[in-house]
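>
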Amino acid sequence: MIDDEGKRSFTSQNIKDEDGKVLRDPTFIRQRWARWFHKLLNIKSPTIDLHAADKVKLWPTCVPLDDIPSLLEVEEAVREMANRKAIGPDDLPAELIKLFLDGDQGCEETIEVTVRKRRLCFAGFVTRMEHSRLLKRMLLGAMAGGVGYRGGQESDWVSRLGEDLVAFNMGDDKEGGKWKESAKDPEVWYNKVEDGAAWFMRKWHRQEAEASAKRQRAREAEAESTAISGPKRKRAGEAAVGGKKRRPGTAVEASRAAEAARVANDVPG
């Protein structure tokens with residue numbers, strides 16, 4: 006045993022074998038400990054109930070708790086890891102894994118999609134609440150946008166919810182509040198929101214590709230125009246690099262010239 010000061014200490018208790026005989030030989034004592042731990046590790050614990058989880062009431066959540074994290078979430082988690090830390094059973098340092106995050110892997114999900122998706126999932130969670138819950142009454146019930154209300158957060162939340170449905174190609178569910186019927190089933194609602202988010206990202210990537218192609222065409226046209234007409238002539242006194250004007254004869258340059266002359270005069274011939 007190791008005490009608090011880091012020194013090895015020996016217990017004063019006697020170690021006995023299975024028959025109750027006190028062991029004196031250190032080899033026999035180590036063998037006895039090995040047999041004891043082997044028996045201890047192979048005894049089934051009477052306190053573990055494999056069916057205990059089935060008896061616990063599962064409360065509804067915004068998203069499935071066992072959802073596989075996205076690539077973006079994994080990257081962010083790795084970036085926040087402290088250096089010189091081992092990761093997983095391979096004992097790979099965080100610096101090594103971070104090297105693979107510098108490449109261009111594209112954007113799996115934008116911040117806008119994340120915000121809209123979480124808001125729709127939360128709306129489904131509120132819909133499945135009992136009508137007597139205060140949160141549901143404030144966001145979707147009779148208290149939403151009530152008389153004399155100030156601030157506008159609740160009413161704005163409902164309007165933003167409609168914008169999210171349209172953005173995720175779920176405009177049909179917006180009419181007449183049809184989305185509330187779909188939101189009653191958490192799995193169906195979650196899958197529908199995920200499909201809408203995937204549709205939004207496909208549209209986003211297509212628009213980004215078109216914008217990138219447009220910028221590329223503009224650069225090519227500018228390069229072609231420059232090749233035909235020649236580079237633009239810079240104004241007199243303008244530097245060749247950086248577009249900054251030179252100002253010869255300034256106090257700084259005069260001071261440098263005087264310092265150079267003084268050093269030259271001080272050098273022995």
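Take the sequence shown: its letter number 248 is residue 253 in this note's numbering, and every next letter is one higher.
The beta carbon of each residue, even a glycine, is placed where N, CA and C say it ideally should be.
Keep in mind the model is a prediction, meaning the values are calculated, not measured.
(1) Between the Cα of residue 121 and those of 47, 45, 40, 175, spot the shortest distance and give me the residue it belongs to.
(2) Pair every Cβ in the stretch 132 to 142 with every Cβ in the stretch 212 to 228, then say whether three or more of these pairs are closer than 8 Å.
(3) Among the residues of its own chain, which have a CB less than 6 Å from the CB of residue 25, if the five just before and after it don't count?
(4) Rounded to whole angstroms, what's the CA-CA distance from residue 185 to residue 42? Just pull it up for me.
(5) Just to confirm the assignment, what range does the alpha helix (DSSP H) spanning residue 229 have?
(6) Taking a contact to mean a Cβ-Cβ separation below 8 Å, would you say residue 28 touches residue 40 in this structure?
(7) Inspect the beta-carbon positions of residue 173 and residue 201 and report whether they are closer than 8 Å.
(8) When you compare only the Cα positions, how much space is there between residue 18 and residue 48?
(9) Who are the near neighbours of residue 193 in its chain, counting only those whose CB is closer than 7 Å to its CB and skipping five residues on each side?
(10) Can you look up residue 183 in the DSSP assignment and give me helix, strand or coil?
(11) Which residues in the same chain have their Cβ closer than 6 Å to the Cβ of residue 141, if we skip the five residues on either side of it in sequence?
(12) Could you have a look at residue 21 and say whether DSSP puts it in helix, strand or coil?
(13) Should residue 197 be labelled buried (16 or more other beta-carbon atoms within 10 Å of its own) or exposed?
(14) Where residue 228 and residue 216 are concerned, what is the direct C-alpha to C-alpha distance, given to the nearest angstrom?
(15) CB-CB under 6 Å to residue 179, same chain, minus the five flanking residues each way: which ones, in chain order?
(16) Suppose contacts are defined by Cβ-Cβ distances below 8 Å. Is residue 124 in contact with residue 165 by that definition?
(17) Between the C-alpha atoms of residue 44 and residue 23, what's the straight-line distance to the nearest angstrom?
(18) What does DSSP give as the partner residue(s) for residue 27 in the beta ladder?
(19) Thinking residue 78 and residue 206 are a contact (beta carbons under 8 Å), I'd like their distance in whole angstroms, please.
(20) Could you tell me the distance, in whole angstroms, from the CA atom of residue 189 to the CA atom of residue 80?
(21) In angstroms with no decimal places, state the Cα-to-Cα distance between residue 119 and residue 86.
(22) How is residue 166 classed by DSSP in three states: helix, strand or coil?
According to the structure shown:
(1) 175
(2) no
(3) none
(4) 57 Å
(5) 191 to 234
(6) no
(7) yes
(8) 25 Å
(9) 187
(10) coil
(11) 131, 134
(12) strand
(13) buried
(14) 18 Å
(15) 167, 170
(16) yes
(17) 12 Å
(18) 21
(19) 15 Å between Cβ atoms; not a contact.
(20) 33 Å
(21) 22 Å
(22) helix
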